[in-house]
Amino acid sequence: MKQNLREHIDFVRENSPFYKELYRDVPLKDYSISDLPILNQDDYWSKNGFENNSVLTSDLSDGVVFKSGGTTGVPKSSFFTQEEWETFTTDFSFGMDQLRLQKGDRCANLFYSGDLYASFLFINKSVEKLKNKVVQFPVTGQTSIEETKRIINSYKINVLFGVPTSLVSLAASFESSDNCINQIYYGGEPLFDDQREKLQRAFPEAHISSIGYASVDGGQLGYVDKSCTAGEHIVFDKTYMEIVDPDTNEVILEENKVGRLIYTNLSRRLMPIVRYPVGDMASWTEVGKRFSLLGRADEGARIGAVTVTREDIVNTAASIGEKQAISGVQLIIKRESGKDYLHVYLGVQSKENLNILNYVHLFKESFFMQRPMYKKEKDIGNIADLKVSIVLVDELLKNPRTGKLRLVIDERFI
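Those letters in the sequence shown? Residues 140 to 553, per our numbering, in order.
In structure tokens, the structure reads:
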């Protein structure tokens, strides 16, 4: 294990009560990173609230606080010192300098802002630090398509930054001959072939690429250079990335074998991120250095700009008084007619005495109150409607090897 990684872990276990307890059975000296338990996200976030926090290594005295995962019933706070925030954006800016941006490019930032959401501010600050200096236009993803189009045309903007679903919605309003767009950089969700085709039709001169890979809960996850294929990213120097078997948690040290991404951020000391499940599946294209993203893991279902967790579904069921009736939950991400959507399967022991149509209606109504961002994205056409099915619990899909229930299944890559 590299010295900087060992020093970081030693600091974390000494100063964070949460990690000190988590590593109580790990030797103080003779250990490897694989001896450390992979974080359980529920445990981690339950101890990482704004009050009575046992994850932080010291008091929060400067910096910035964001909310992770969009609008949820129970917000997850992500804490950065000012120095960590500067490092995060400086590193990501280095990654963006590997893209095709040129001095003087006119760039529209179409990521989302407000409500403690990080992406717009994060991209804005990262772009400010580029060596290839460009001009920014802070449009935001909340601006209407009509106004966004007007801004793009009025200022002859040639570069777009944004979430794929928003970019595709914008593309539908353009003709291939009425714009100057020659670069499109996306983030926050994967870009599918049908989406790429729509972008290419509207913006035929555009080079289309990932803007980079990051999360507000974890940090800088990967960057793209001109040698990367679609979906491929390079590991940042100040991070340690692992891919592990989804069933056994054994570390994968071979190329093209799919597993869960596990992430350690060496630059975050206030709110340590050590062996954290990112929530994505991936495979190595060059072990330890390059990986390809291959859909979501069990930590949460990402639909467009919205992340839905098991906790969201359980809270929704509880809000309509049927929590006890639900014996299992399965979230399947699907894609139809060019739009992602979430299909929730609720497992019950028996369907007797259960008015399924009424229950599904109440569930969706309550879900949209719990997760208004899903309804908002649906209403503007970025994602498709939520689907809900009541099934016998034995009908929920399980891992054929282990028999374990699969919480999240991403069928978009099948």
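The beta carbon of each residue, even a glycine, is placed where N, CA and C say it ideally should be.
Self-check item: Residues near phenylalanine 313 in its chain [Cβ-Cβ closer than 6 Å; skip 5 each side]
Solution: Cβ neighbours of phenylalanine 313 within its own chain (closer than 6 Å, five residues either side excluded): Ala341.
Exercise. Spell out a yes or no on whether the region 324-341 and the region 377-389 are touching, meaning 3 or more CB-CB pairs, one atom from each, closer than 8 Å.
Key: At 8 Å Cβ cutoff, the stretches do not touch.
Self-check item: Contacting residues, own chain, Cβ-Cβ under 7 Å from leucine 269 (five flanking each side not counted)
Solution: Closer than 7 Å at Cβ, skipping near neighbours: Ser232, Met235, Asp236, Leu240.
Quiz item: Considering only residues of the same chain and omitting the five flanking positions on each side of leucine 485, which have a CB-CB separation below 6 Å?
Solution: For leucine 485, where only same-chain residues beyond five positions count, the Cβ hits under 6 Å are Ile465, Ile529.
Quiz prompt | the ligand MG heavy atom lying under 6 Å from the CB of aspartate 364 | solution = Of the ligands one can find in the structure shown there are none, so the ligand MG has no counterpart to examine.
Quiz item: So, isoleucine 370 versus tyrosine 362, is the Cβ gap smaller than 7 Å?
Solution: For the sequence presented, residue 370 should be read as glycine rather than isoleucine. Result no, Cβ atoms of glycine 370 and tyrosine 362 do not sit closer than 7 Å.
Practice problem: Following the continuous beta strand (DSSP E) through aspartate 479, name the residue where it begins and the one where it ends. | Solution: Unbroken beta strand (DSSP E) run through aspartate 479: 478-487.
Quiz item: What three-state label does DSSP hand alanine 311 in the structure shown?
Solution: Coil at alanine 311, not helix or strand.
Self-check item: Delimiting residues of the beta strand (DSSP E) encompassing glycine 467
Solution: Segment 467-475, the beta strand (DSSP E) holding glycine 467.
Quiz item: Count the other CB atoms within 10 Å of the CB of proline 166; is the residue buried (16 or more) or exposed (fewer)?
Solution: It is exposed - the Cβ of proline 166 has fewer than 16 other Cβ atoms within 10 Å.
Quiz item: Going by the CB atoms, is the gap between tyrosine 379 and leucine 144 shorter than 7 Å?
Solution: Yes, they are a contact pair.
Quiz item: Is glycine 357 closer than 7 Å to tyrosine 325 when the C-beta atoms are compared?
Solution: At the C-beta level, tyrosine 325 and glycine 357 stay beyond 7 Å of one another.
Quiz item: What is the C-beta distance between cysteine 246 and valine 298, in whole angstroms, given that I count them as a contact (C-beta under 8 Å)?
Solution: Right, the Cβ-Cβ distance comes to about 4 Å (below 8 Å), so this counts as a contact.
Exercise. Go ahead and pull the three-state DSSP assignment for glutamate 389.
Key: Here DSSP, grouped into helix, strand and coil, assigns glutamate 389 to coil.
Quiz prompt | CA nearest to the CA of valine 204, picked from Asp174, Gln275, Ser217, Asp376 | solution = Nearest to valine 204 by C-alpha distance, out of Asp174, Gln275, Ser217, Asp376, is Ser217.
Quiz item: What number of angstroms, rounded off, separates the C-alpha of asparagine 492 from the C-alpha of tyrosine 498?
Solution: Their backbone Cα atoms lie some 11 Å apart in a straight line.
Practice problem: Compare the Cα-Cα distances from isoleucine 452 to each of Asp479, Glu475, Phe506, Leu405 and report the closest residue. | Solution: It is Phe506 whose Cα lies nearest to the Cα of isoleucine 452.
Quiz prompt | Residue span of the alpha helix (DSSP H) that contains aspartate 164, given as start and end | solution = Unbroken run through aspartate 164: none, as it is neither H nor E.
Quiz item: Just curious, the beta strand (DSSP E) that glutamate 425 is in, first and last residue?
Solution: For glutamate 425, the uninterrupted beta strand (DSSP E) segment begins and ends at 412-425.
Practice problem: Could you tell me the distance, in whole angstroms, from the CA atom of lysine 272 to the CA atom of asparagine 263? | Solution: Each residue's Cα considered, the two are about 12 Å apart.
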